[in-house]
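In our numbering, the protein residues as written are 845 to 1254. Cβ atoms here follow ideal geometry from the backbone N, Cα and C, with glycine treated the same way. A quick write-up on the structure given underneath.
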Amino acid sequence: MTTFKFHFRPPARDGSEYGTVFVRIIHGRRYRDLRRDYSLRPDEWDAETCWLHTRVTGLSSERLKHTEASMRTDLLRLESIVNRLGRRGDYSVNDIVGCFRETGANDTLLSFSAFAGQELIAGGRTRTARAYRSAAKSLAAFLGGRDPLLCELDSALLRTYERHLLDKGLQMNTISFYMRNLRALYYKAVATGIIPRAESNPFEEVFTGVYETRRRSLDQQDIKALAACVHSLPPEEGRLRNALHYFLFAYHARGMSFIDLAYLKKSDIKNDTVLYKRRKTGFYIEVKITRPMKKIIDHYLHTNRASPYLFPILDPDGPDIRLQYETALNRQNRNLKELAATAGVTKTISTHVARHTWATLAKRMGYGINLISEGLGHRDPRITTIYLASFGRSAMDALSVRLSNAVGTA
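So, in structure tokens, the structure goes:
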């Protein structure tokens, strides 16, 4: 059996008003004292309870709040270490102290997310590193800014956190984003031996899937309205003119993803085709250059001469190309909202809407799933079936209303 108890060492006779706190760890009839890096005044300590005195449990000062939180974290950390060592077999009190000092820097969520992020960044996975950090910061914010121990990630905490996110109005896919990244951090910590694997999956009762949202697409009139609004844009609105060109090019290029459009190089243009490699799947896509595409291509070949990229989205000489892309993606979506308002389009428009629109109009024109799938660059037509599944909802809604109206009201 292992026990932990806090003790207080009064201030030395050097005029200091603060004493020090340490944890006495007892195991196998031996003990070690582990000094901690926080201090208290004698009147703030209760020797009987070996805890902060009841007179200060209101914790009126930030120092005392931090001290109590640190003490509770120390106990959780020690209990986790003992559980982990117990699973391995015999251990000594020195093993407990050694593990505490070794893992203390990385066994909290924020510290471990930073540690795991460094490895990801070194491997070129900057976006995943940021996703880990974002999820960790979200949970820490839910806990009032406290950096939780990894061993605290249990079903009860995660369910409460999920309810909190729902109450804030977050969408299910956003919640899933946080939960999946927290789960990845948790199992990385298990794999590295920082925490033991729980008997049951702590993420089993929270949402980690993909919620099928209703897809948004434009109709032909919306596309024409957007294309026509270019004539009403003043010359100084180059950003909106570019945003419109990017959106229309993506549509005409069989729903090209914005990331593929941003990374599209002039060398990808061969005679009357664009041949590029999809960054998501690695598939090569060959697209015939239609008249609207050629007009846009010619414009940027003339105005963006110095860059290897067709569009002036990424600066090859600038820092962190991936961050440039993510910044450009956010900017493009903001510009598209402004363009929609200018063109009188009431539907919400984003970069992905161009892809949905191309697929939707192809379906409405009677083209088969296999052909649309190949056009989109999907590996499997079944993905396209899921992709298009919700596109028919608006038409089905209209049909339901017409049939209801046909027989009158109840």
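### Message
Using a 10 Å radius around the Cβ and a threshold of 16 neighbouring Cβ atoms, would you call Gln1015 buried or exposed?
### Response
exposed
### Message
Does Glu861 come out as helix, strand or coil in the three-state DSSP assignment?
### Response
coil
### Query
Do Leu953 and Leu1001 have their C-beta atoms closer together than 8 Å?
no
### Query
So what does DSSP say about Ala856, is it helix, strand or coil?
coil
### Nearest residue (CA-CA) to Lys909, options Ile1165, Lys1012, Thr1117, Arg990
Arg990
### Task
Give me whichever residues DSSP pairs with Val1118 in a beta bridge.
Ile1113, Val1131
### Query
Relative to the alpha-carbon of Val941, which residue among Gly1221, His1143, Ile869, Asn1045 has its alpha-carbon at the smallest distance?
Ile869
### Task
Use the C-beta contact count for Gly1252: other C-beta atoms within 10 angstroms, 16 or more gives buried, fewer gives exposed.
For Gly1252, the pLDDT reaches just 48, beneath the cut-off of 50, and the residue's location in the model is therefore unreliable, leaving the point undetermined.
### Query
Does the segment 961-975 come close enough to the segment 1006-1020 that 3 or more CB-CB pairs lie under 8 Å?
no
### Query
Cβ-heavy atom distance between Ala1087 and the ligand MG below 7 Å?
What this structure holds is no ligand at all, so the ligand MG is not there to describe.
### Task
With Tyr1031 as the anchor, note down where its alpha helix (DSSP H) starts and where it stops.
1016-1035
### Message
So the candidates are Arg853, Asn938, Thr911; which of them puts its Cα closest to the Cα of Arg874?
### Response
Asn938
### Thr1117 versus Glu1182: straight-line alpha-carbon distance, rounded
31 Å
### Distance, His1146 Cα to Tyr1128 Cα
26 Å
### Query
Which of the three DSSP states, helix, strand or coil, is assigned to Arg879?
strand
### Query
Per DSSP, what kind of secondary structure is Asp890 in: helix, strand or coil?
strand
### Message
Using 8 Å for Cβ pairs, my map puts Cys995 next to Ser924. What's the rounded Cβ distance?
### Response
4 Å
### Task
Kindly indicate which residue of Tyr862, Gly872, Arg885, Ile1193 has the alpha-carbon position closest to the one of Tyr1095.
Ile1193
### Query
Which first and last residues belong to the alpha helix (DSSP H) in which Met1209 is found?
Premise fails: Met1209 is in no alpha helix (DSSP H) and is neither H nor E.
### Task
Count the other C-beta atoms from every protein chain shown that fall within 10 angstroms of the C-beta of Ser1248, then say buried if there are 16 or more, exposed otherwise.
Per-residue confidence for Ser1248 stands at a pLDDT of 48, beneath the threshold of 50, marking its modelled position as unreliable; no derived number is given.
### Message
So, for Ala1254: in the same chain, excluding its five sequence neighbours on each side, which residues have a beta-carbon less than 8 Å away from its beta-carbon?
### Response
For Ala1254, the pLDDT reaches just 43, beneath the cut-off of 50, and the residue's location in the model is therefore unreliable, although a value from the coordinates is still provided. Cβ neighbours of Ala1254 beyond the five flanking positions: none.
### Query
Taking the DSSP output, what are the residues bridged to His871?
Thr846, Arg874
### Query
For Phe866, does the three-state DSSP call read helix, strand or coil?
strand
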